[in-house]
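Throughout the sequence shown, residue numbering follows my numbering, covering 1 to 449 in sequence.
To start, the structure itself, in structure tokens.
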Amino acid sequence: MRPKSEPKQVQRELFQVELEQIIDMNHALVRLGQSIEWAEFEEALGATYHPTQGAPGISTRLMVALHYLKYQHDLSDEGVLAHWVENPYWQHFSGGRYFQHRLPMDASSMTRWRSRLGEAGAEQMLRATITAGIRMGAIRSSELKRINVDTTVQSKAIRYPTDARLYHRCRERLVKAARQEGVKIKQSYQHVGRKLLMQSSRYAHARQMQRARACTRKLRTQLGRVIREIERQVTEPSDTLSKLLETAHQIHAQQRHDKNKVYSVHEPEVACIAKGKAGKPYEFGNKVSVASTSRGGWLVGAKSFTGNPYDGHTLAAQMKQVRSMIGERVREAHVDMGYRGHNYQGRITVHLDKRRRGRTPRPLWRWMKRRAAIEPSIGHLKNEHRLDRNRLKGVAGDAINALLAAAAMNFQKLLGVFWLYFLRALLNVLSRLRLLTAPTNPPISSLTT
Numbered sequence: 001m002r003p004k005s006e007p008k009q010v011q012r013e014l015f016q017v018e019l020e021q022i023i024d025m026n027h028a029l030v031r032l033g034q035s036i037e038w039a040e041f042e043e044a045l046g047a048t049y050h051p052t053q054g055a056p057g058i059s060t061r062l063m064v065a066l067h068y069l070k071y072q073h074d075l076s077d078e079g080v081l082a083h084w085v086e087n088p089y090w091q092h093f094s095g096g097r098y099f100q101h102r103l104p105m106d107a108s109s110m111t112r113w114r115s116r117l118g119e120a121g122a123e124q125m126l127r128a129t130i131t132a133g134i135r136m137g138a139i140r141s142s143e144l145k146r147i148n149v150d151t152t153v154q155s156k157a158i159r160y161p162t163d164a165r166l167y168h169r170c171r172e173r174l175v176k177a178a179r180q181e182g183v184k185i186k187q188s189y190q191h192v193g194r195k196l197l198m199q200s201s202r203y204a205h206a207r208q209m210q211r212a213r214a215c216t217r218k219l220r221t222q223l224g225r226v227i228r229e230i231e232r233q234v235t236e237p238s239d240t241l242s243k244l245l246e247t248a249h250q251i252h253a254q255q256r257h258d259k260n261k262v263y264s265v266h267e268p269e270v271a272c273i274a275k276g277k278a279g280k281p282y283e284f285g286n287k288v289s290v291a292s293t294s295r296g297g298w299l300v301g302a303k304s305f306t307g308n309p310y311d312g313h314t315l316a317a318q319m320k321q322v323r324s325m326i327g328e329r330v331r332e333a334h335v336d337m338g339y340r341g342h343n344y345q346g347r348i349t350v351h352l353d354k355r356r357r358g359r360t361p362r363p364l365w366r367w368m369k370r371r372a373a374i375e376p377s378i379g380h381l382k383n384e385h386r387l388d389r390n391r392l393k394g395v396a397g398d399a400i401n402a403l404l405a406a407a408a409m410n411f412q413k414l415l416g417v418f419w420l421y422f423l424r425a426l427l428n429v430l431s432r433l434r435l436l437t438a439p440t441n442p443p444i445s446s447l448t449t
């Protein structure tokens, strides 16, 4: 059921403190809360609620505000709720009227709300920051004509994959799922498998690789036995067990040099991506395309892709998302040489970077050299806004995490714009006071000299 809308005229509470009495109404977070169109989120998410059944949902503005603050400060669900109780500005930004001393909900409600949000709702959160920036005048129309596009890797929250651990973990998950469906497993290899995994790690650490490989082969044999026993007893497995059996077959059959291998049991869509970095030769996650304005560095797109597609084959989908964010305002897009042979065919002119200027006009060459401005933006997304370690589940979690990280970065920039306006106003006031208190007649010493 949809969240209840608050009445416009609320009777004042006698024993509660109003937030407007204890905060500065010129604070950047307060003014930004007044610039965001909160009703658009309720319209976008209204179709996900049942019209009559169920208890009323939690306030949409509260949930959206908590996710902005969560990704802005790189906090967990529990951490952002703990800070919300202590900070009156956060409570006012999320639509509160009175100061609250208790948690507004359980942290698990944020997890369930993200599944309701989906990729379309996360795109709406990013679009709201862009709209607020245009309305405030922080984002000028001329800045939206040229964008920079690049790709990065969004690492998944998985352990470093090894064959022995994959066999052991997959066997554990299979046994647990089969027993939940009433299947009796004759031998689960619980204690034997754990001992073999420990021995394999110790042998590998001691550089006794033949013994380590022997332990790995035994773990693989145990996995195959469990798979065959479950398939003999279960003729029509459930969806969960069927997917797990498919993953187990792939793990059991894959070899070292195979393509599209499974690196994690709970996240089978994770890919091994090499971006040519000296510090990180390989990263395990998915590819994310990021689009930002050439001037200002405002993020206008963050598209997640499953697996490891070629950079040039991600450009068309990225341009489609940018068009849904800011309309038909983009005229030129600048990309690096990894986009050669891209699949975009549209009215936007795509400029590929090159090493030498040649006959390129000087103004265009300057814009092409500004393509590298997107690299520090990606660094901020990873180090400050939770793009470096994705903890959300599945393909939908990959898309939501990338979009919320981009929305949080724009959110941070909007707060900086408000603080800049505040400092300018303060300097103007101080300069006026200095003029008013300045002496009208020059000092005698200046006249004598």
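Every residue, glycine too, gets a C-beta built ideally from N, C-alpha and C.
Nothing here was measured: the structure is a model prediction, and the numbers come from that model.
**Message:** Taking the alpha-carbon of glutamine 154 as reference, which of Gly338, Lys287, Leu315 has the nearest alpha-carbon?
**Reply:** Lys287
**Asked** From leucine 482 to glycine 95, what does the alpha carbon distance come to, in whole angstroms?
**Response** Since the first residue shown for the chain is 1 and the last is 449, residue 482 is missing from the structure and cannot be characterised.
**Request:** Whole angstroms is fine: what's the gap from valine 183's alpha carbon to threonine 60's?
**Result:** Each residue's Cα considered, the two are about 43 Å apart.
**Asked** Quick one: what does DSSP say histidine 168 is sitting in, helix, strand or coil?
**Response** helix
**Prompt:** Quick one: is proline 56 buried, meaning 16 or more other Cβ sit within 10 Å of its Cβ, or exposed?
**Reply:** exposed
**Request:** For the stretch 400 to 419 and the stretch 373 to 382, state whether three or more C-beta atom pairs, one from each stretch, are separated by less than 8 Å.
**Result:** yes
**Message:** Whole angstroms are fine: how far does the CA of glycine 297 sit from the CA of leucine 66?
**Reply:** The alpha-carbon of leucine 66 is positioned some 24 Å away from that of glycine 297.
**Request:** Indicate whether valine 170 and alanine 120 have their beta-carbon atoms separated by less than 7 Å.
**Result:** The sequence shown places cysteine at residue 170, not valine. No. Outside cutoff.
**Request:** Thinking serine 294 and asparagine 148 are a contact (beta carbons under 8 Å), I'd like their distance in whole angstroms, please.
**Result:** 6 Å
**DSSP beta-bridge partners of asparagine 286** = Gln154
**Request:** Determine the direct distance from the alpha carbon of arginine 31 to that of isoleucine 444, and round the result to whole angstroms.
**Result:** Here the model assigns isoleucine 444 a pLDDT of 47, short of 50, so the residue's position is not dependable, and the following value carries that caveat. Between isoleucine 444 and arginine 31, the alpha-carbon positions lie close to 49 Å from each other.
**Item:** Cα-Cα separation, tyrosine 339 to glutamate 246
**Value:** 35 Å
**Request:** Label serine 377 either buried or exposed according to how many other C-beta atoms from any shown protein chain fall within 10 Å of its C-beta, with 16 as the threshold for buried.
**Result:** buried
**Asked** Per the contact definition of three or more C-beta pairs closer than 8 Å, is the stretch 70 to 85 in contact with the stretch 33 to 41?
**Response** At 8 Å Cβ cutoff, the stretches do not touch.
**Request:** Please state if the CB of tyrosine 189 and the CB of glutamine 222 are separated by a distance shorter than 7 Å.
**Result:** Yes, these two residues count as a Cβ contact at 7 Å.
**Message:** Taking the beta strand (DSSP E) that threonine 349 belongs to, which residues open and close that run?
**Reply:** 349 to 352
**Prompt:** Is the stretch 43 to 52 in contact with the stretch 99 to 110, if contact means three or more CB pairs nearer than 8 Å?
**Reply:** Contact annotation: the stretch 43 to 52 does not touch the stretch 99 to 110, with fewer than three C-beta pairs closer than 8 Å.
**Asked** Between Lys4, Leu126, Tyr89, which lies nearest to glutamate 42 when the distance is taken from Cα to Cα?
**Response** Put simply, of Lys4, Leu126, Tyr89 the residue whose alpha carbon is nearest the alpha carbon of glutamate 42 is Lys4.
**Message:** Buried or exposed, going by whether 16 or more other CB atoms sit within 10 Å of the CB of histidine 92?
**Reply:** Per the 10 Å Cβ criterion, buried.
**Same chain only: Cβ atoms within 7 Å of cysteine 215, ignoring 5 sequence neighbours per side** = Excluding sequence neighbours, cysteine 215 sits near Ala164, Leu196, Gln199, Ser200, Tyr203.
**Request:** May I ask you to report which of helix, strand or coil DSSP gives tyrosine 98?
**Result:** strand
**Where lysine 70 sits in the DSSP three-state scheme** = Lysine 70: helix per DSSP, three-state reduction.
**Request:** Using a threshold of 7 Å, state whether the C-beta atoms of glutamate 332 and arginine 146 are closer than that.
**Result:** yes
**Extent of the continuous alpha helix (DSSP H) to which lysine 4 belongs** = Premise fails: lysine 4 is in no alpha helix (DSSP H) and is neither H nor E.
**Message:** I'd like to know whether the C-beta atoms of isoleucine 185 and proline 88 end up nearer to each other than 7 Å.
**Reply:** no
**Request:** Rounded to whole angstroms, what's the CA-CA distance from threonine 152 to alanine 271? Just pull it up for me.
**Result:** If I take the Cα positions, the gap works out to 13 Å.
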